[in-house]
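Student:
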Ligand code: PMP
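In this note's numbering, the protein residues as written are 52 to 517.
#1: State the CB to CB distance for the pair residue 391 and residue 135, rounded to an integer number of angstroms; the pair is presumed to be in contact (CB under 8 Å).
#2: Quick one: what's got a C-beta closer than 8 Å to residue 73's C-beta in the same chain, skipping five residues either side?
#3: Quick check on the burial criterion: 16 or more other C-beta atoms within 10 angstroms. Buried or exposed for residue 199?
#4: Residues bridged to residue 95 by DSSP?
#5: Regarding residue 386 and ligand 1, is the C-beta to nearest heavy atom distance less than 8 Å?
#6: Entirely within the stretch 242-303 and at least 3 residues each: give me those beta strand (DSSP E) ranges in chain order.
#7: So the beta strand (DSSP E) residue 204 belongs to, where does it begin and stop?
#8: Can residue 392 be considered in contact with ligand 1, in the sense that its beta carbon sits closer than 8 Å to one or more heavy atoms?
#9: Is residue 437 near ligand 1, in the sense that its beta carbon is under 8 Å from a heavy atom of that ligand?
#10: So does the stretch 317-326 actually touch the stretch 294-306, counting three or more Cβ pairs closer than 8 Å?
#11: With distance defined between alpha-carbon atoms, name the residue in 271, 310, 255, 307 nearest to residue 296.
#12: Could you have a look at residue 75 and say whether DSSP puts it in helix, strand or coil?
#13: Name the two residues that bound the continuous alpha helix (DSSP H) containing residue 481.
#14: When DSSP builds the beta bridges, which residues end up paired with residue 236?
#15: Does the beta-carbon of residue 369 have 16 or more other beta-carbons within 10 angstroms, so that it is buried, or is it exposed?
#16: Judging by CA-CA distance, which residue of 275, 273, 246, 515 is the nearest neighbour of residue 290?
#17: State yes or no: is the C-beta of residue 210 within less than 9 Å of the C-beta of residue 176?
#18: Suppose you measure from the CA of residue 220 to the CA of residue 257; what does that come to, to the nearest Å?
#19: Can you tell me whether DSSP reads residue 472 as helix, strand or coil?
#20: Relative to the C-alpha of residue 92, which candidate in 145, 352, 102 has its C-alpha closest?
#21: Do residue 508 and residue 451 count as a contact pair if the criterion is CB distance below 9 Å?
#22: Can you look up residue 427 in the DSSP assignment and give me helix, strand or coil?
#23: Looking at ligand 1, does it come within less than 8 Å of residue 207, judged from the CB to the closest heavy atom?
#24: Smallest Cα separation from residue 278: which of 238, 287, 244?
#25: Quick one: does the C-beta of residue 73 sit closer than 8 Å to a heavy atom of ligand 1?
#26: Quick one: is residue 125 buried, meaning 16 or more other Cβ sit within 10 Å of its Cβ, or exposed?
#27: Could you check whether the Cβ of residue 212 sits closer than 8 Å to any heavy atom belonging to ligand 1?
#28: Which runs of the alpha helix (DSSP H) spanning at least 4 residues fall entirely within the stretch 108-186, listed in chain order?
#29: Measuring straight from C-alpha to C-alpha, what distance separates residue 53 and residue 128?
#30: Run the proximity test for residue 286: is its beta-carbon closer than 8 Å to any non-hydrogen atom belonging to ligand 1?
#31: Taking 8 Å as the cut-off, is the C-beta of residue 252 nearer than that to any heavy atom in ligand 1?
#32: Work out the CA separation of residue 190 and residue 97 for me, nearest whole Å.
#33: For a quick check, are the C-beta atoms of residue 324 and residue 397 less than 9 Å apart?
#34: Below 8 Å on the Cβ atoms is my guess for residue 311 versus residue 339; work out the distance and round it to an integer in Å.
#35: From residue 272 to residue 223, what does the alpha carbon distance come to, in whole angstroms?
#36: Just tell me which of 470, 335, 229, 90 has its CA closest to the CA of residue 500.
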């Protein structure tokens with residue numbers, strides 16, 4: 052259907068929302084709104100579109116939660132779900148194995164950089180990160196250096212919602228009311244070039260970030276630091292593309308001090324940046340472990356995992372404690388249905404979709420970048436098919452707009468009225484559409500964003516807030 056911005060219908064809450072409000076504790080609720088917050092229902096999906104409870108067709112701007120990479124309503128994935136459930140719906144990974152998980156492991160190992168030849172499957176991203184961290188702890192216990200466990204993460208990062216993975220998160224709101232394993236984690240600065248100190252070049256900024264890590268290693272002692280974890284591009288933190296060379300230089304520091312580099316590719320893998328894994332192919336980085344989830348099944352089944360270096364596994368086999376047990380496993384590790392779906396999903400990616408992403412990313416970034424002409428927009432940044440629009444108080448100070456102005460939510464509300472779902476993050480809107488998006492659909496997306504940001508600006512001016 053042709054885009055009709057002027058006559059777009061208004062949003063409303065339907066029956067599903069009311070029922071959910073009555074009985075669901077939804078993720079990330081605010082105390083006062085638990086059991087009293089209507090979230091719009093999504094009834095169906097097709098390609099890059101979803102249909103909400105009002106029957107409105109919306110472009111799925113965030114591809115669910117950065118996950119519906121091959122798009123909605125893929126018959127071949129539905130068939131695999133059905134066929135695998137009929138063949139074998141489940142087997143215990145404690146005592147047995149299954150064909151899809153073994154076949155997928157082989158395919159993943161072929162794509163993974165360096166010697167990341169093995170995979171431990173989990174149920175999603177948080178459990179993948181938790182697994183990588185517990186593996187590091189186990190490894191250092193077995194190697195007779197139980198004090199080498201500190202985990203270094205970054206401000207602005209996001210790694211999950213289990214206790215240890217959540218302790219790594221670097222967004223202030225994640226910790227305001229929640230407990231964390233603060234004694235096990237140290238945080239470095241966010242590598243956000245847009246927010247670098249005034250007068251610093253990007254190269255100098257990069258030097259400072261690497262220097263900060265070097266100082267931390269010196270201060271805490273390399274014998275106490277077990278792992279450094281980083282999303283190659285911070286996703287939920289606002290699509291932060293680090294300065295050139297940053298990841299490789301952090302890797303070098305890790306190698307020098309026997310600190311494991313864990314690349315959290317929960318978002319960046321499976322096509323988001325045009326590659327199955329982005330670490331090496333995009334950033335020239337060879338991590339010791341890679342965590343993945345989301346796009347591995349395009350959200351058709353919950354699955355995650357950790358790619359693990361064979362060198363690490365060999366060191367366990369060679370240790371004095373080769374009888375020690377890695378007492379960690381999930382009922383749904385190696386789930387046959389998830390792995391079967393992931394295999395077919397990988398076929399789709401390899402059969403032209405990765406190439407499509409490589410071909411269309413430049414256009415996607417360029418069109419979104421044009422929104423920087425709007426005075427509310429401080430920066431549009433991104434890579435591949437992930438991008439962030441950051442709104443600022445003014446273009447001179449570039450100060451972020453405060454939470455109470457809810458500018459992200461305002462833009463999202465207008466976008467929904469015009470046919471686009473976005474992911475509002477305080478003063479930012481994040482875009483990561485299904486990878487199948489066409490140039491015409493990118494045009495629609497940008498037109499809706501442009502109109503919505505203009506509406507939000509008018510609204511803020513009318514209310515005397517901006
Ligand atoms: N790591 C990253 C980089 C993520 O973006 C997320 C989820 N947004 C997670 C880990 C946690 O994944 P999950 O929600 O599947 O547990």
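The beta carbon of each residue, even a glycine, is placed where N, CA and C say it ideally should be.
Tutor: Quick look at the numbers:
#1: 4 Å
#2: 86
#3: Classification of residue 199: buried, given that the 10 Å Cβ count is 16 or more.
#4: 102
#5: no
#6: 276-281
#7: 201-205
#8: It does not: the Cβ of residue 392 is nowhere closer than 8 Å to a heavy atom of ligand 1.
#9: no
#10: no
#11: 255
#12: Coil at residue 75, not helix or strand.
#13: Looking at the DSSP string, residue 481 is not in any alpha helix (DSSP H); the run it does join, the beta strand (DSSP E), is 479-482.
#14: 202
#15: exposed
#16: 246
#17: yes
#18: 21 Å
#19: strand
#20: 102
#21: no
#22: coil
#23: Because no heavy atom of ligand 1 lies under 8 Å away, the Cβ of residue 207 does not count as near it: no.
#24: Ranked by Cα distance from residue 278, the options 238, 287, 244 are led by 238.
#25: no
#26: buried
#27: yes
#28: 114-117, 126-138, 150-162
#29: With a pLDDT of only 49 at residue 53, under the threshold of 50, the placement of this residue in the model should not be trusted; the figure read from the coordinates follows. Whole-angstrom Cα-Cα distance: 29 Å.
#30: yes
#31: no
#32: 45 Å
#33: no
#34: Your pair residue 311 and residue 339 checks out as a contact, with CB atoms roughly 4 Å apart and the cut at 8 Å.
#35: 26 Å
#36: 470
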